[in-house]
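In our numbering, the protein residues as written are 36 to 195. Have a look at the structure below, then the notes.
Encoded structure:
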């Protein structure tokens, strides 16, 4: 599959409108989606995501205005344009989101949602930084660090 797949063409078949309910490990944080989301997972292997997760980041997007999060969530400004959040009690990762004025989506962790277990993997970035112990199978677009950073906003200084 070509690395030059248009992002919207890639996710269009997976766009959904409905409800999903999720929670963190301890149950102290609940996440409700009532509206638009993409029922497919994208993976990032950048060093920041590896440090945050202990391995890769895998998430799916939902319309920010469709998501309600309740419970004690700690937010961390991980860059000048994004923040990451986790449960204050158990540490489960809850979301990653762009904090810019035009941000309309939030990235959520599929493992928090029982109904997301069958979401397919549809993209992978920073593949040249992926750990050798975790190769991902499947026919989906894969982009190296250079390919991704040539077209997308990224964090400077992501070197190990």
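Even for Gly, the Cβ is constructed at its ideal location relative to N, Cα and C.
Separation of residue j from residue i, as counted between CA atoms
{"i": "residue 85", "j": "residue 124", "result": "22 Å"}
{"i": "residue 145", "j": "residue 181", "result": "27 Å"}
{"i": "residue 129", "j": "residue 135", "result": "19 Å"}
{"i": "residue 75", "j": "residue 50", "result": "8 Å"}
{"i": "residue 60", "j": "residue 126", "result": "8 Å"}
{"i": "residue 195", "j": "residue 82", "result": "With a pLDDT of only 46 at residue 195, under 50, the local geometry of the prediction cannot be trusted, and the value read off the model is given with reservation. Using only the alpha carbons, I get a separation of about 7 Å."}
Closest by C-alpha distance to residue i, when choosing among the options
{"i": "residue 174", "options": "143, 158 and 55", "result": "158"}
{"i": "residue 132", "options": "116, 122 and 147", "result": "116"}
{"i": "residue 48", "options": "187, 165, 163 and 154", "result": "154"}
{"i": "residue 141", "options": "114, 42 and 68", "result": "68"}
{"i": "residue 105", "options": "54, 98, 65 and 60", "result": "65"}
{"i": "residue 44", "options": "176, 187 and 185", "result": "176"}
Cβ distance (whole Å) where residue i is taken to contact residue j below 8 Å
{"i": "residue 70", "j": "residue 52", "result": "6 Å"}
Secondary structure of residue i, DSSP reduced to three states
{"i": "residue 72", "result": "strand"}
{"i": "residue 138", "result": "coil"}
{"i": "residue 37", "result": "Reliability fails at residue 37, whose pLDDT of 39 lies under 50, so the model's placement of it is uncertain and no value is given."}
{"i": "residue 187", "result": "coil"}
{"i": "residue 112", "result": "strand"}
{"i": "residue 192", "result": "Below a pLDDT of 50, predicted positions are generally treated as unreliable, and residue 192, at 49, falls in that range; the measurement from the model is reported next regardless. Three-state DSSP puts residue 192 in coil, outside helix and strand."}
{"i": "residue 122", "result": "strand"}
{"i": "residue 57", "result": "strand"}
{"i": "residue 65", "result": "strand"}
The stretch 137–151 in contact with the stretch 162–169 per 3-pair CB rule at 8 Å: They do not touch, by the three-pair rule.
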